[in-house]
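Everything below concerns the one structure shown next.
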Amino acid sequence: MKHPYKIQLQKNLQTHYNQTNWVVKNNFERGRDEILFILPKHEDIKMVYANLYAELSTLPDIDHPSERVLISFCYPDGSQYCSRVINPNKQDEIHLALLGQLPKRSISDLLLDLNETGVSIVVPA
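Quick note: the sequence shown, position 103, residue 260 per my numbering, numbers continuous.
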């Protein structure tokens with residue numbers, strides 16, 4: 158199985174956020190290493206984003222080697238897109254050392270296509 162750490166992390170996050178009607182997508186095969194949560198407009202993305210590390214600390218341990226993962230949030234129209242890198246790789250560390258920050262990222266239009274099959278999972282309310 159490719160990306161066992163990322164897949165388990167996505168499952169753990171989906172279980173953790175199971176009280177919501179968020180759409181969860183991943184983009185592991187296209188080189189972005191991304192788990193994207195698309196939140197309804199009434200949700201407060203800034204609060205969810207700010208609490209991400211605290212939420213991650215409550216999840217069960219993952220029994221696979223760590224992988225770089227980008228956890229992202231946005232609204233269905235792509236607005237308020239924000240992301241955090243979990244388990245940064247060497248390139249991420251170089252960017253942080255040289256620039257003091259990671260490069261700005263933008264959302265992939267492909268991930269916003271809520272009708273695309275194969276990667277979209279609706280977390281039950």
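Glycine included, C-beta positions come from ideal geometry on N, C-alpha and C.
None of the values given here were measured: they were computed from a predicted structure.
Of the residues the options, the one placed nearest residue i, counting alpha carbons only
i    : options                : result
N208 : K159, K182, Y174       : Y174
L204 : C239, Y162, I164       : Position check: residue 204 holds Met in this sequence, whereas Leu was assumed. Looking at the Cα atoms, C239 is the closest of the given residues.
P197 : L166, R241, V180, F185 : V180
D201 : N183, R225, N244, S236 : S236
L170 : N184, L193, H199, H160 : L193
I164 : D220, K247, D234       : D220
E186 : P245, K159, H199       : K159
R225 : T215, N246, Y210       : N246
L227 : R241, N183, Y210       : R241
S229 : I195, L166, K168       : I195
N178 : N184, Y232, L213       : Y232
Where residue i falls: helix, strand or coil (DSSP)
i    : result
I219 : coil
Y238 : coil
E212 : helix
N183 : strand
L259 : In this prediction, L259 scores a pLDDT of 48, lower than 50, which makes its location untrustworthy; the coordinate-derived value is nonetheless stated afterwards. Note: L259 maps to coil in three-state DSSP.
Y162 : helix
P175 : Reading off the sequence, residue 175 comes out as Asn, not Pro. Looking at N175 - three-state DSSP - the assignment turns out to be coil, as it is neither helix nor strand.
K168 : helix
Beta-bridge partners of residue i, as assigned by DSSP
i    : result
I195 : V180, C231
I202 : Paired residues: none, contrary to the question.
I243 : V226
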